[in-house]
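Residue numbers (UniProt numbering): 1 to 265.
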């Protein structure tokens with residue numbers, strides 16, 4: 001694949017940084033955006049070993065002005081971009097009855113509106129010559145595990161947004177991919193909000209058991225870019241579960257879901 005210009009939100013750690021490493025090693029121009037300035041400045045040097053034209057921008061996806069400023073600067077320096085990866089996100093655990101409206105607003109502002117803002121800010125650059133938008137959702141957006149109401153809802157919204165944008169932007173030659181991983185070894189639990197005691201430890205346990213890590217998911221994203229996939233579901237069990245949900249009677253699917261939850265709890 002020829003050299004690309006890629007922008008990654010939440011790019012200073014976890015999946016975002018793993019993807020930035022693969023892109024830099026491939027010789028792509030890389031811009032990582034993250035609200036953690038200290039972390040971003042600490043890791044940018046390692047990327048520049050592979051690709052000197054790698055940049056870090058302090059950016060909060062809850063502020064459209066931050067994203068628009070980065071888009072303007074990259075337009076001046078790179079004359080546009082080819083790939084946008086909306087990766088920044090947070091986790092929240094709890095039933096509807098236990099999750100406050102302020103917590104709902106918090107997770108929607110980051111997980112959903114953060115993606116919307118990213119698309120709005122960078123779309124004019126992509127529309128010139130076409131490109132690719134990668135929206136990192138989750139299997140939580142395709143399935144419906146209980147006690148993760150707000151998280152599931154935001155990720156389902158990202159999947160729907162991606163599908164809709166794929167239709168809207170086809171004439172502009174912009175491909176859109178929804179990435180839907182299950183649990184994998186990453187730092188998602190950091191900063192998680194939960195109304196259920198001990199959930200952070202349980203989440204860490206589930207992630208540690210995963211056969212896939214952030215680099216594996218990043219490789220799946222690179223393949224999706226090359227092959228222009230609409231969906232990327234890296235986990236085999238996740239693909240199987242999505243198949244069951246779509247084709248089994250709802251009552252059967254729910255019984256299987258609860259057996260799986262009990263097995264892994």
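Just so you know, even glycine gets a beta-carbon here, dropped at the ideal spot from N, CA and C.
Notebook entry, point to check: Just how far apart, CA to CA, sit residue 3 and residue 26?
Noted result: By 1-based counting over the chain shown, the position of residue 3 is 3. By 1-based counting over the chain shown, the position of residue 26 is 26. Between residue 3 and residue 26, the C-alpha separation is close to 8 angstroms.
Notebook entry, point to check: The beta strand (DSSP E) spanning residue 219 covers which residue range?
Noted result: The residue you call residue 219 lines up with position 219 of the chain shown. Premise fails: residue 219 lies in the alpha helix (DSSP H), 214 to 227, not in any beta strand (DSSP E).
Next item on the list: Check whether the Cβ atoms of residue 74 and residue 31 sit closer than 8 angstroms, and answer yes or no.
Entry: As a position in the chain shown, residue 74 is number 74, starting the count at 1. As a position in the chain shown, residue 31 is number 31, starting the count at 1. Cβ distance < 8 angstroms, so residue 74 and residue 31 count as in contact.
Margin query: Considering Cα atoms alone, identify which of 183, 229, 242 is closest to residue 213.
Written below: The residue labelled residue 213 in the question sits at position 213 within the chain shown. The candidate whose alpha carbon is nearest that of residue 213 is 183.
Item checked: CA-to-CA distance, residue 66 to residue 36, given in whole angstroms -> Translated into positions along the chain shown, residue 36 becomes position 36. Translated into positions along the chain shown, residue 66 becomes position 66. Each residue's Cα considered, the two are about 13 angstroms apart.
Checklist line | Reduced DSSP secondary structure (H/G/I, E/B, other) of residue 183 | finding: Position 183 of the chain shown, counted from the start, is the residue given in the question as residue 183. Residue 183 falls in the coil class under three-state DSSP.
Check: In angstroms, rounded to a whole number, what distance separates the CA positions of residue 235 and residue 175?
Finding: Translated into positions along the chain shown, residue 235 becomes position 235. Translated into positions along the chain shown, residue 175 becomes position 175. Approximately 22 angstroms between the Cα atoms of the pair.
Check: Just the Cα atoms here: how many angstroms apart are residue 99 and residue 50?
Finding: Here residue 99 is taken as the residue at index 99 of the chain shown, counted from 1. Here residue 50 is taken as the residue at index 50 of the chain shown, counted from 1. Residue 99 and residue 50: Cα-Cα distance of roughly 44 angstroms.
Next item on the list: Give the DSSP bridge partners of residue 31, in chain order.
Entry: Working through the chain shown from its first residue, we reach residue 31 at position 31. DSSP output for residue 31 lists 7, 55 as bridge partner(s).
Check: Can you tell me the Cα-Cα spacing of residue 43 and residue 173, whole angstroms?
Finding: Along the chain shown, one-based indexing puts residue 43 at 43. Along the chain shown, one-based indexing puts residue 173 at 173. Near 33 angstroms, if we compare the C-alpha coordinates of residue 173 and residue 43.
Item checked: Distance between residue 127 and residue 332 (C-alpha atoms, nearest Å) -> Residue coverage of the chain in this structure runs from 1 to 265, which leaves residue 332 outside it and unanswerable.
Checklist line | Other residues of its chain near residue 116: CB distance less than 8 angstroms, five sequence neighbours each side excluded | finding: Residue mapping note: residue 116 aligns to position 116 of the chain shown, counting from 1. Within the same chain, residue 116 has close Cβ partners 161.
Checklist line | Opening and closing residue of the beta strand (DSSP E) in which residue 84 lies | finding: Taking the first residue of the chain shown as 1, we reach residue 84 at position 84. Segment 83 to 86, the beta strand (DSSP E) holding residue 84.
Check: What are the start and end residues of the beta strand (DSSP E) that includes residue 286?
Finding: In the structure displayed, the chain extends from 1 to 265; residue 286 sits before or after that span and is not available.
Next item on the list: Use the C-beta contact count for residue 5: other C-beta atoms within 10 angstroms, 16 or more gives buried, fewer gives exposed.
Entry: Residue numbering aside, residue 5 sits at position 5 when the chain shown is read from its first letter. When all chains shown are included, residue 5 counts as buried.
Notebook entry, point to check: In terms of residues, what are the limits of the alpha helix (DSSP H) holding residue 25?
Noted result: Translated into positions along the chain shown, residue 25 becomes position 25. Where residue 25 is concerned, the enclosing alpha helix (DSSP H) stretches over 14 to 25.
Next item on the list: With DSSP as the reference, label residue 2 as helix, strand or coil.
Entry: Within the chain shown, residue 2 is the residue found at index 2, counting from 1. Correct three-state label for residue 2: coil.
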